[in-house]
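The opening residue of the sequence shown carries number 19 in the numbering used here; numbering runs sequentially from there.
Beta carbons: idealized from backbone N, C-alpha and C, even for Gly.
I have placed the structure first, in the form of structure tokens, so that the comments after it can refer back to it.
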Amino acid sequence: VVRSVVDTMDGITQSSARVAEIIGVIEGIAFQTNILALNAAVEAARAGEQGRGFSVVAAEVRSLAQRSSSAAKEIGDLINGSVRQVKEGARQVEVAGKTMDDIVGAVRRVTDIMGEITAASEEQSAGIEQVGLAIAQMETVTQQNAALVEEASAAAESLMQQAGGLVTEVARFDLGQQQQR
19 VVRSVVDTMD GITQSSARVA EIIGVIEGIA FQTNILALNA AVEAARAGEQ
69 GRGFSVVAAE VRSLAQRSSS AAKEIGDLIN GSVRQVKEGA RQVEVAGKTM
119 DDIVGAVRRV TDIMGEITAA SEEQSAGIEQ VGLAIAQMET VTQQNAALVE
169 EASAAAESLM QQAGGLVTEV ARFDLGQQQQ R
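Here it is, written out as structure tokens:
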């Protein structure tokens with residue numbers, strides 16, 4: 019869009035330059051007409067009374083030439099002002115285009131960063147989920163270990179009772195052998 023506006027403004031500038039050339043031609047014609055009117059007035063003055071009518075026509079032609087020259091100059095000034103404004107507009111459009119390019123670049127960078135943040139958040143969520151699973155597994159193993167410890171404690175208690183019973187029986191057995199001796 020910006021490039022299109024700049025191209026259009028360049029076209030206006032070129033058209034304005036062509037109009038300025040045409041105004042130069044009009045000013046040249048007005049200048050030559052003015053000289054011809056002056057020459058006609060001189061010849062009318064030489065002709066005396068018979069050239070009086072011709073003198074009035076020469077004065078009118080001269081007046082028209084001066085008005086044409088003045089109008090051409092005003093048009094030229096307006097065109098030059100328009101060309102300056104078009105150039106300033108083109109410069110501002112270029113600045114706006116560059117600013118838009120900068121904004122688009124910044125938005126792309128923010129989008130990239132947001133993507134990276136999203137990926138990092140997903141990785142972090144996956145890591146937290148794995149930690150949760152590991153903790154659940156540790157809890158299961160801890161409960162199993164506690165159950166095994168209880169079983170081992172009960173077995174140790176039972177073994178101690180059986181060992182106590184065996185000690186008593188063994189002590190009786192030893193006593194019995196001493197009595198037989």
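Separation of serine 87 and alanine 124 (C-alpha to C-alpha, rounded to the nearest whole angstrom) is 55 angstroms. With respect to the 7 angstroms criterion, alanine 83 and asparagine 57 are not classified as neighbours on the basis of their beta carbons.
For glutamate 67, no alpha helix (DSSP H) run applies, since DSSP gives it neither H nor E. Thr31 is the residue among Gly182, Thr31, Gly183 and Val20 whose C-alpha sits nearest the C-alpha of isoleucine 97. Between alanine 59 and glycine 69, the CB-CB gap reaches or exceeds 7 angstroms.
Contact annotation: alanine 55 and valine 37 have beta-carbon atoms that are not nearer than 7 angstroms. With a threshold of 16 other beta carbon atoms within 10 Å, alanine 76 meets it and is buried. Annotation: valine 23 to alanine 114 spans about 11 angstroms, alpha carbon to alpha carbon.
Methionine 27 and valine 101 have their alpha carbons spaced roughly 9 angstroms apart.
Its chain contains no residue whose beta carbon lies nearer than 8 angstroms to that of arginine 109 once the 5 sequence neighbours on both sides are disregarded.
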